[in-house]
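Counting along the sequence shown from 1, when you hit position 138 you're at 225 in our numbering, and nothing is skipped either side.
From the three backbone atoms N, C-alpha and C, an ideal C-beta is built for every residue, glycine too.
Predicted model only: the values in this text are computed from it and were never measured.
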Amino acid sequence: MITNSRRAYDAGLVAAFVASALLLLVPQFFFIRQSLLPNLGPGIVGDAISVDNYRAIVTDPFYWRVFGRTIGLSAVAVAAGLLLAFPTAYLLARIASSFVRGLIVLLLISSFVSVVVKVLGLSLLLGTDGPIARTLHAL
Numbered sequence: 088m089i090t091n092s093r094r095a096y097d098a099g100l101v102a103a104f105v106a107s108a109l110l111l112l113v114p115q116f117f118f119i120r121q122s123l124l125p126n127l128g129p130g131i132v133g134d135a136i137s138v139d140n141y142r143a144i145v146t147d148p149f150y151w152r153v154f155g156r157t158i159g160l161s162a163v164a165v166a167a168g169l170l171l172a173f174p175t176a177y178l179l180a181r182i183a184s185s186f187v188r189g190l191i192v193l194l195l196i197s198s199f200v201s202v203v204v205k206v207l208g209l210s211l212l213l214g215t216d217g218p219i220a221r222t223l224h225a226l
């Protein structure tokens, strides 16, 4: 027999799922609908629904080059990540020391930092007046 607390828990899960699904699907509907409207100029779209925007993307070689470059760079990033991550994870799993535990804690802490803060830090490090650029200019 299902208790009242279990029924309330299940109802809460269903409500959360429905809310999440709506928050995902409603904006997607509007994005797709907007993509089917013709572009009449900067910020101006027509009223008639057509697939001309998609036809322009499929037939233009510029977009094919961009898609190809995106897939190529993604494959390189995945390969580099795998080549760096697997040996590192294997090494960290095999070494038993407090130093390794500290490294794992640092790794986990970095996942709590937002992307904006990470990008800001990288831009400061790699910027024209950053420490890396200054070091390279000094050489």
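I need the boundaries of the beta strand (DSSP E) containing residue i, first residue and last residue.
| i | result |
| --- | --- |
| L171 | No beta strand (DSSP E) holds L171; the alpha helix (DSSP H) holding it covers 148-181. |
| L127 | 126-128 |
Report yes if the CB atom of residue i is closer than 8 Å to the CB atom of residue j, and no otherwise.
| i | j | result |
| --- | --- | --- |
| I191 | L179 | yes |
| L124 | V132 | yes |
| L211 | G217 | yes |
| I158 | Y150 | no |
Residues in the same chain with beta-carbon distance under 7 Å from residue i, minus the five sequence neighbours each way, listed in chain order, please.
| i | result |
| --- | --- |
| D139 | P125 |
| L127 | G133 |
Have a look at the options and flag the residue whose alpha-carbon is nearest the alpha-carbon of residue i.
| i | options | result |
| --- | --- | --- |
| Y141 | R120, G130, F199, Y96 | R120 |
| A135 | T146, S122, L169, F118 | S122 |
Residues in the same chain with beta-carbon distance under 8 Å from residue i, minus the five sequence neighbours each way, listed in chain order, please.
| i | result |
| --- | --- |
| V165 | none |
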